[in-house]
Amino acid sequence: MKIKIIILFLALTFVFITAFIFLAVYSTEGDINNLDIIKSFVTSIGICIILMIVNRKGLLSLIKKTSKINLTKNYIFKSERLGFRNWNADDLTEFAKLNADEGVMEHFPKTLTELETTEFIVRLQKHYKEKKYTYFVTEVLATGEFIGFIGMAYQDYKTEFTPATDIGWRLKQSAWGKGYATEGAKACLDFGFNNLNLDKIISTCTLNNTKSAHVMAKIGMKKVGTFNHPKLKDYPDYETCICYEVMKVDFK
Ligand SMILES: CC(C)(COP(=O)(O)OP(=O)(O)OC[C@H]1O[C@@H](n2cnc3c(N)ncnc32)[C@H](O)[C@@H]1OP(=O)(O)O)[C@@H](O)C(=O)NCCC(=O)NCCS
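The working numbering puts the first residue of the sequence shown at 47, with every later residue one more than the last.
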């Protein structure tokens, strides 16, 4: 990205130097000396710097566009507005912020520490390595902004609905209310059924998590029952969960 800006700067400088030398040659009727060249050179660089300052917005948009190209390279798949990829160490800061937000974690027994988030990322990376899917890092294509995760994970805790692959989501609050969860979840179901060849995908949430259940219904999943989540048995307020599912044959 920086190299492109430097090339642009050098190209502009070259154009101006050539133009000034040309003018100098004419104005001195061919009698050009070193001082003229130095003056031309300094003036050219000055003009380029002024142009770069005046055209700050244009340069910023060039930087944005270039960085977007770099960022989109690693996406496993995309929806209209979102990109989905595996996790890397650079995601820790943003993901730790998300997991420490009490509003985001309202329907979970507790927020996560930075260490717990690190362990979570390691588990998600391992899951991707083994199954070729995970709760994917989800980013806005237009800006490259990290907004959280949407994706799938294999669940083998013991209930009448498992073992099964579930679909789940966790987005930062500034990304709520924009339809990202629904759009991303649809793209994940498509990936799950048509690329991974899964037959069935389930989704679960606590009884009070109406926002999440609303997403499940919007992406065409049907409620199949409630159950006591074995991993939440020490948290009576969160233990009762709803299960939704969708079969590949019913996915449109
Ligand atoms: C659950 C969660 C992902 C839902 O996010 P969300 O932004 O409310 O979900 P959606 O993507 O469906 O968007 C919701 C609203 O965006 C609005 N919206 C704005 N622009 C839109 C667009 N271009 N397309 C579609 N909807 C749009 C819609 O009005 C929609 O609401 P509606 O369906 O009632 O009309 C989010 O609340 C969250 O991350 N919660 C914390 C973590 C969590 O609980 N995860 C689930 C654990 S089981």
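Every residue gets a Cβ at the ideal spot worked out from N, C-alpha and C, and that includes glycine.
- Following the DSSP letters along the chain, one finds Thr211 inside the beta strand (DSSP E) bounded by residues Ala210 to Leu217.
- Thr205 sits in coil when the DSSP states are folded into three classes, being neither helix nor strand.
- For Ser125, the secondary structure class from DSSP, reduced to helix, strand or coil, is coil.
- Taking non-hydrogen atoms of ligand 1 into account, the C-beta of His260 is found less than 7 Å away from one of them.
- By the criterion of at least three beta-carbon pairs nearer than 8 Å, the segment 248-265 is not in contact with the segment 165-175.
- Restricted to the segment 158-208, the beta strand (DSSP E) segments that are unbroken, complete and at least 3 residues in length are 181-186 and 192-201, listed in chain order.
- In this structure the segment 120-136 does not lie against the segment 149-161, because fewer than three pairs of beta carbons, one per stretch, are closer than 8 Å.
- With fewer than 16 other CB atoms across the displayed protein chains lying within 10 angstroms of its CB, His260 is exposed.
- Each of Ala188, Phe195, Thr205 and Lys269 was checked against the Cα of Gly230, and the nearest Cα belongs to Phe195.
- Rounded to whole angstroms, the gap between the alpha carbons of Leu56 and Ser220 is 40 Å.
- Around the CB of Glu176, fewer than 16 other CB atoms lie within 10 Å, so the residue is classed as exposed.
- Going by beta carbons, Ile193 and Thr180 fall outside the 8 Å limit.
- DSSP places Gly271 in the strand class (E or B) of the three-state scheme.
- Listed as beta-bridge partners of Met293 by DSSP are Lys246.
- A heavy atom of ligand 1 is found nearer than 7 Å to the CB of Thr228.
- In this structure Thr59 touches Ser90 by the C-beta definition: roughly 5 Å separates them, less than 8 Å.
- In this structure, the beta-carbon distance from Cys251 to Met198 does not fall below 8 Å.
- Under the criterion of beta carbons closer than 8 Å, Asp236 and Met293 do not qualify as touching, at roughly 14 Å.
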